[in-house]
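A.B. asks:
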């Protein structure tokens with residue numbers, strides 16, 4: 001008898017878990033759950049909220065800290081906020097936007113797309129987007145996608161700001 005011909009062992013009905021929780025009060029009573037113990041389906045999978053906070057302006061460079069998770073649920077808000085900050089950074093012509101990524105726990109492909117879009121908007125206005133303090137596992141995603149050649153990453157925010165000063169002097 002081959003491996004795939006065998007029947008998988010069955011889990012007793014009393015031990016089966018409920019993905020989103022039981023659907024009725026009777027089902028809750030059977031499995032020992034109380035009302036409100038299981039999150040409603042629309043709340044399942046909610047991660048940390050995303051925030052983008054301006055932390056300073058140094059020699060024409062706007063610095064913003066990004067914290068939370070960048071995923072399908074938060075990418076639109078990220079794109080809108082970064083576009084707004086990009087307009088502020090390039091209001092007087094030129095300008096730079098440095099994003100402190102140390103507080104980002106997760107970034108998916110949609111987040112990378114948002115960053116590329118904002119970078120393109122800034123470059124069209126003569127500005128520049130740089131990333132600082134990107135975690136190694138996230139920078140690996142930039143390397144795999146080839147975006148490490150598009151974005152300049154810095155170990156610290158101070159290095160990113162200083163690099164902007166030297167590029168504007170040359």
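Numbering (full-length UniProt numbering), first residue to last: 1 to 170. Yeah, the Cβ is synthetic: ideal placement off N, Cα and C, and Gly gets one too. Note that the structure is predicted; figures quoted are calculated from it, not measured.
Helix, strand or coil: how does DSSP classify residue 81 here?
C.D. replies: helix
A.B. asks: Count the other C-beta atoms from every protein chain shown that fall within 10 angstroms of the C-beta of residue 40, then say buried if there are 16 or more, exposed otherwise.
C.D. replies: Because the pLDDT of residue 40 is 42, which lies under 50, any placement of that residue in the model is unreliable, and the question is left without a value.
A.B. asks: Work out the CA separation of residue 122 and residue 84 for me, nearest whole Å.
C.D. replies: 11 Å
A.B. asks: If you drop the 5 nearest sequence neighbours on each side, which residues of the same chain put their C-beta closer than 6 Å to that of residue 42?
C.D. replies: The predicted position of residue 42 is uncertain, since its pLDDT is 41 and thus under 50; a value taken from the coordinates is nonetheless stated next. Excluding sequence neighbours, residue 42 sits near nothing in its chain.
A.B. asks: Where DSSP assigns a beta bridge to residue 96, which residues make up the other side?
C.D. replies: Paired residue(s): 61 and 128.
A.B. asks: State the DSSP-derived secondary structure class of residue 151, mapped to helix, strand or coil.
C.D. replies: coil
A.B. asks: For the putative contact between residue 105 and residue 75, defined by C-beta atoms under 8 Å, what is the C-beta separation to the nearest angstrom?
C.D. replies: Not really, about 15 Å apart at Cβ, beyond 8 Å.
A.B. asks: Residue 98: which of 92, 118, 113 and 108 sits nearest, CA to CA?
C.D. replies: Residue 98 has its Cα closest to that of 118, out of 92, 118, 113 and 108.
A.B. asks: For residue 127, tell me which candidate among 94, 62 and 81 has the shortest Cα-Cα distance.
C.D. replies: 94
A.B. asks: Would you call the CB atoms of residue 124 and residue 156 closer than 8 Å?
C.D. replies: no
A.B. asks: Roughly how many angstroms lie between the CA atoms of residue 138 and residue 92, to the nearest whole one?
C.D. replies: 32 Å
A.B. asks: With a threshold of 16 other CB atoms inside 10 Å of the CB of residue 144, please say whether the residue is buried or exposed.
C.D. replies: exposed
A.B. asks: Could you give the DSSP three-state label for residue 157: helix, strand or coil?
C.D. replies: helix
A.B. asks: Going by the beta-carbon positions, is the gap between residue 89 and residue 115 smaller than 8 Å?
C.D. replies: Against a cut-off of 8 Å, the Cβ pair of residue 115 and residue 89 comes out as no contact.
A.B. asks: Should residue 100 and residue 55 be called a contact, given that it needs their Cβ atoms to be closer than 8 Å?
C.D. replies: yes
A.B. asks: Spell out the partners DSSP gives residue 144 in its beta bridges.
C.D. replies: Answer is none; residue 144 lacks a bridge partner.
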